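Undergrad:
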Amino acid sequence: MGVITKKIKGTEDVLPKDSYRWQFVEDVMRKESAAYGFKEIRTPVFEHTELFARGVGQTTDVVQKEMYTFDTKGGESVTLRPEGTAGAARAVLEHGLVNDSLPIKASYFVSCYRYEKPQAGRLREFHQFGLECYGTQSPVADAELICAAQSIFDRLGIKQLRLEINSIGCPTCRAEYHKALKGYFGGCKDELCDTCNSRLEKNPMRILDCKSPVCSKIAGGAPKITDYLCDECKEHFASVQKYLDAAGVEYTVNPTIVRGLDYYTKTVFEFVTDFIGAQGTVCGGGRYDGLIEELGGKHLPSLGFAMGIERLLMLMDKQGIEIPKPSTCDLYVAVMGESASLKSFEIIKAVRSCGLIAETDVVGRGLRAQMKYADKIGAKFSMVLGDNEIEQGKAVIKNMSSGEQTEIVLDDTFAEKFMVLQLADVDSFKL
Ligand code: HAM
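Add 994 to a position in the sequence shown, counting from 1, and you land on the number used in the numbering used here.
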């Protein structure tokens, strides 16, 4: 049998040497969203297919073309989540959180699955960080959510990211808008792709985000939702802008943003960059006042966003933003012989319990090879343990960059002494 060494198209591995970049970004997201009062929610990677069909919408590209759907051995249709909003909403409903004090603020890290054509920044398995806020219709919440995304980008040092906002109205203004779209697209029915033809009656707004070049060209001249907003939606949108202005967040109103998922109402927004090619939307979100009801709950106005972690990392890379490398090894203990190996176990355990990183030989290499390894992993200090050191009860610690050597007694206080040593207070512990 051949060796399987090829990953599935559109998926990516994160290797140990690179994972610090992910951890750094995730850490910023975690801390920043906690500052806004969000707490993490974790939901399964697969859900009943029906959840996405109803939540994301039957006529969306995601549901019609991109889902990984399969029947289980028990005959149930399940789908790998194409996004995080529907699953989080399902969990909030299922666990009755809607009866808690509102709003409920949830954050998440999810892997998502969409059968799209892979290209730079577009994967079949990708990762999102998202925030969802349930139980508020106030425009203040829209502005605050956008501010949270902006703070994350600021903390990461990302520049030149445009915030584009729009309002796509509520079911009342949407009805008028749909009529206008049907009239417009009805005139060029023959040129639209088959999927868009089928959308014309059911959900003409979806034609606006069709990826086919012909359909998107036609969509360019379509009526704009902003001309059809009802008074309440207009007022809401104006208020969101007022709060964004007050927070000093820069944005442009882009009336062509409709987002590709059906649950959105009123405010929608995207953070877009020109640095990473065609897939320049790093973050997208908006209000979804009808979703919880659509899934069987009460009317619970809600909103959220998700940012693609791969796209963010690409952007940081392109903008030359340096991510600090974590220290890899504080102390490497090289050993000669079994008693030294046993002693090193004691020592590294004590050093690790002080919160430092310590390694010893677990391969059975000779001394030279061990020192070469210590160098390769970037150990800050190294120590050689042999029969001599054990007999005398002390060993020499070498600062790997300066070459400076310090002797330390191998007793119960070793770890504390090493800690001080590595804080550069070298002199006080010389024998
Ligand atoms: P979305 O716009 O479909 O929205 O995805 C959000 C972000 O995920 C995008 O801006 C992009 O950065 C990333 N993304 C999407 N598809 C891919 C892909 N194929 N490869 C790499 N990255 C991708 C949602 O998913 C909504 N659930 C956002 C939301 C949360 N709205 C309200 N709450």
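By construction, the Cβ of each residue, glycine as well, lies at the ideal position given by its N, Cα and C atoms.
Since we're looking at a predicted model, the values are computed, not measured.
Taking the C-alpha atoms as reference points, what is the distance between ASN1093 and LEU1404?
TA: One C-alpha to the other measures close to 60 Å.
Undergrad: Is it the case that the Cβ atoms of PRO1217 and ALA1174 are separated by a distance below 8 Å?
TA: Yes, the pair counts as a contact, with Cβ atoms nearer than the cut-off.
Undergrad: For the beta strand (DSSP E) containing PHE1339, name the first residue and the last one.
TA: Segment 1332-1347 is the alpha helix (DSSP H) holding PHE1339; no beta strand (DSSP E) there.
Undergrad: Identify the residues that DSSP records as bridge partners of VAL1266: which are they?
TA: VAL1266 pairs with ARG1156 and THR1275.
Undergrad: Does the distance between the C-beta of CYS1277 and the nearest non-hydrogen atom of ligand 1 fall short of 7 Å?
TA: It does: the Cβ of CYS1277 is within 7 Å (strictly closer) of some heavy atom of ligand 1.
Undergrad: So, using beta-carbon positions, are ILE1315 and ILE1140 closer together than 8 Å?
TA: No, these two residues do not count as a Cβ contact at 8 Å.
Undergrad: Name the DSSP beta bridge partners of ALA1300, please?
TA: For ALA1300, which the question treats as bridged, DSSP gives the partners GLY1124 and GLY1278.
Undergrad: May I ask you to verify whether the segment 1260-1271 touches the segment 1155-1164, counting CB pairs closer than 8 Å and requiring at least 3?
TA: Yes, they touch.
Undergrad: Which two residues bound the contiguous beta strand (DSSP E) that contains PHE1103?
TA: PHE1103 -> beta strand (DSSP E) spans 1098-1107.
Undergrad: Please classify GLN1399: does DSSP put it in a helix, a strand, or coil?
TA: Correct three-state label for GLN1399: strand.
Undergrad: Alpha carbon to alpha carbon, how far is ARG1149 from GLY1360?
TA: The straight-line gap from Cα to Cα measures roughly 46 Å.
Undergrad: Provide the residue span of the alpha helix (DSSP H) that contains ILE1384, from first to last.
TA: First-last of the alpha helix (DSSP H) with ILE1384: 1381-1386.
Undergrad: Just how far apart, CA to CA, sit GLU1410 and VAL1345?
TA: Cα to Cα, GLU1410 sits roughly 8 Å from VAL1345.
Undergrad: Any idea if ALA1213 is buried or exposed, counting beta-carbon neighbours within 10 angstroms, 16 or more meaning buried?
TA: Buried, by the Cβ-count rule.
Undergrad: Is LEU1255 near ligand 2, going by C-beta to nearest heavy atom under 7 Å?
TA: Ligands displayed in this structure: ligand 1; ligand 2 is not among them.
Undergrad: Taking GLU1060 as the reference, which of LEU1194, TYR1107 and LYS1388 has the closest Cα?
TA: When each option's Cα is compared against that of GLU1060, the closest is TYR1107.
Undergrad: Please check the pair ARG1084 and VAL1039, which I expect to be a contact at CB under 8 Å, by giving their CB distance rounded to whole angstroms.
TA: That belief does not hold up - the Cβ atoms of ARG1084 and VAL1039 are roughly 13 Å apart, past 8 Å.
Undergrad: Under three-state DSSP, which class holds VAL1022?
TA: Three-state DSSP puts VAL1022 in a helix.
Undergrad: Classify ASP1421 as buried or exposed, calling it buried when 16 or more other Cβ atoms lie within 10 Å of its own Cβ.
TA: Low confidence applies to ASP1421: its pLDDT is 44, below 50, so where it sits in the model is not reliable, and the reading given next is rough at best. Counting Cβ neighbours within 10 Å, ASP1421 comes out exposed, since fewer than 16 surround it.
Undergrad: Beta carbon of THR1267: closer than 7 Å to some heavy atom of ligand 1?
TA: Every heavy atom of ligand 1 is 7 Å or more from the Cβ of THR1267, so no.
Undergrad: Have a look at MET1308, TYR1367, LYS1319 and LYS1292 and flag the residue whose alpha-carbon is nearest the alpha-carbon of ALA1328.
TA: Out of MET1308, TYR1367, LYS1319 and LYS1292, TYR1367 has the C-alpha closest to the C-alpha of ALA1328.
Undergrad: Which residues does DSSP pair with ILE1391 in a beta bridge?
TA: Its beta-bridge partners are MET1377 and THR1400.
Undergrad: Does the distance between the C-beta of GLY1078 and the nearest non-hydrogen atom of ligand 1 fall short of 7 Å?
TA: GLY1078: yes, Cβ under 7 Å from ligand 1.
Undergrad: Below 8 Å on the Cβ atoms is my contact criterion, and I expect THR1354 with SER1338 to pass it. Report the Cβ-Cβ distance as a whole number of Å.
TA: Indeed, because the Cβ distance is near 4 Å, the residues count as touching under 8 Å.
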